[in-house]
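Here the sequence shown is numbered in the UniProt record's numbering, starting from 1 and rising by one per residue. Backbone N, C-alpha and C fix where the C-beta goes; we use that ideal spot for every residue, glycine too. Predicted, not measured: the structure shown is a model, and the values here were computed from it. The block underneath contains the structure these notes are about, expressed in structure tokens.
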Amino acid sequence: MKTVIYTDLDGTFLNHDDYSFEDSKKALEKIKQRSIPLLFTTSKTRLEVEVLQKKVGIKEPFIIENGAAIFFPKNYQGFDLSFLDSFDNYFIKQLGLTYQQILNFYNRYKDEFKMFGFSDMSIDEIIKFTGLDEEGAIFAKKRDFTEPFILKDESKLENLRNLAATYRIKITKGGRFYHLIGQGQDKGIAVKKANEIFKSLYNEEINSIGLGDGENDTPMFENVKNPVIIKNYENSYVNFNSKEAKKSTFKGSKGWNEMVLKYV
1 MKTVIYTDLD
11 GTFLNHDDYS
21 FEDSKKALEK
31 IKQRSIPLLF
41 TTSKTRLEVE
51 VLQKKVGIKE
61 PFIIENGAAI
71 FFPKNYQGFD
81 LSFLDSFDNY
91 FIKQLGLTYQ
101 QILNFYNRYK
111 DEFKMFGFSD
121 MSIDEIIKFT
131 GLDEEGAIFA
141 KKRDFTEPFI
151 LKDESKLENL
161 RNLAATYRIK
171 ITKGGRFYHL
181 IGQGQDKGIA
191 VKKANEIFKS
201 LYNEEINSIG
211 LGDGENDTPM
221 FENVKNPVII
231 KNYENSYVNF
241 NSKEAKKSTF
251 KGSKGWNEMV
261 LKYV
């Protein structure tokens, strides 16, 4: 059975505070030695993931913007992926709405619901709210599918959810922001579809492992054989009830390293 690993980034593979993955090096080496596909499954953008993959030293498929699309590098392991759509140097499976569709809703209701999204934030404001460096903030702002935002009045959340649903949009929460995303997407839907693609490519069942620390990771947990919950920056665990779920002792990349070494 072929193992495939799906991992959240912020607060999981990367530390919440400094975005470091230094403590994950031993587990990363094990993954590379065993040629296990490691799919970053994140709310981050394509540009952010490409930069991180170069730093990590991998060129693997990835899932961006909370399950909006699955990207497979062209010529990946020699597989014929032409049944997917072509997008620059990738074949992709798009599950989300376009960014313009999301922005149409956001711009119409941002004042009424006191939303403050990335499209309205300056680079300096994104740096302030995220702790990213300037390059990282620029890449985070260049979005293809979804809008991260701060909700200044939490009491409006339920009404906003109900209204968004009429536009085929839903709201999910990550480590720092809420996100406006298409109804046809989330990390779980993307992971399920990616598993189906891997199963057809390898012609065998997939032993899927999913690591995450946030509310938006729970759909991913529901669609992997082995969910792994990483202790979050508040020293607690996201609520996910499953006898298969494992929990890390440590936070961030140290917890990620701990659990990969233990279960892969």
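- When secondary structure is reduced to three states using DSSP, Lys247 falls in the strand class.
- For Lys152, the secondary structure class from DSSP, reduced to helix, strand or coil, is coil.
- Distances from the CA of Asp8 to each of Lys55, Asp23, Phe62 and Phe139 were compared; the closest alpha carbon is that of Phe62.
- The beta carbon of Lys193 is closer than 8 Å to those of Ile70, Lys93 and Leu95 in its chain, skipping five residues each way along the sequence.
- Put simply, the stretch 153 to 165 touches the stretch 108 to 120. At least three CB pairs are less than 8 Å apart.
- The Cβ-Cβ distance between Asn195 and Ile206 falls below 8 Å.
- When C-alpha distances from Met115 are compared across Ile150, Phe198 and Met220, the shortest belongs to Ile150.
- If the five residues before and after Arg143 are omitted, its C-beta is found closer than 6 Å to the C-beta atoms of Thr45 and Tyr99, all from its own chain and listed in chain order.
- A direct Cα-Cα distance of roughly 28 Å separates Asp17 from Asn223.
- Assigned with DSSP and collapsed to three states, Asn226 falls in strand.
- Distance check between Glu147 and each of Val191, Asn104 and Leu157 places Asn104 closest, using alpha-carbon atoms only.
- For Asp85, the uninterrupted beta strand (DSSP E) run begins and ends at Asp85 to Phe87, by DSSP.
- With fewer than 16 other CB atoms across the displayed protein chains lying within 10 angstroms of its CB, Met1 is exposed.
- The DSSP assignment places complete alpha helix (DSSP H) segments of no fewer than 4 residues inside the stretch 104 to 156 at 123 to 130 and 134 to 141, in order along the chain.
- In its chain, beyond the 5 residues on either side, Asn257 have a beta carbon closer than 8 Å to the beta carbon of Lys25.
- Nearest to Gly255 by C-alpha distance, out of Lys243, Lys231 and Lys246, is Lys231.
- Lys187 is positioned such that its CB atom lies closer than 8 Å to that of Pro219.
- In the DSSP annotation of this structure, the continuous segment of the beta strand (DSSP E) that includes Leu38 starts and ends at Leu38 to Thr41.
- If you keep only unbroken alpha helix (DSSP H) runs of at least 4 residues inside the stretch 23 to 97, you get 25 to 33 and 46 to 56.
- Between the stretch 33 to 41 and the stretch 53 to 67 there are three or more C-beta pairs closer than 8 Å, enough to call the two in contact.
- In the DSSP assignment, Val4 falls within the beta strand (DSSP E) that extends over Lys2 to Thr7.
- Straight-line measurement puts the Cα of Phe79 at about 9 Å from the Cα of Tyr202.
- Straight through space, the alpha carbons of Gln33 and Gln185 are spaced by roughly 32 Å.
- Selection Lys152, Asp153, Ile123 and Phe129 evaluated against Phe139 yields Ile123 as nearest (Cα-Cα).
- Straight across, the Cα-Cα distance linking Lys246 with Leu261 is about 13 Å.
- Taking C-beta atoms as the reference points, Gly212 and Leu97 fail to come closer than 8 Å.
- Per DSSP, Ser200 is not a residue of any beta strand (DSSP E); the alpha helix (DSSP H) it occupies stretches across Lys187 to Tyr202.
- Here the alpha carbons of Lys170 and Gly131 stand approximately 26 Å from one another.
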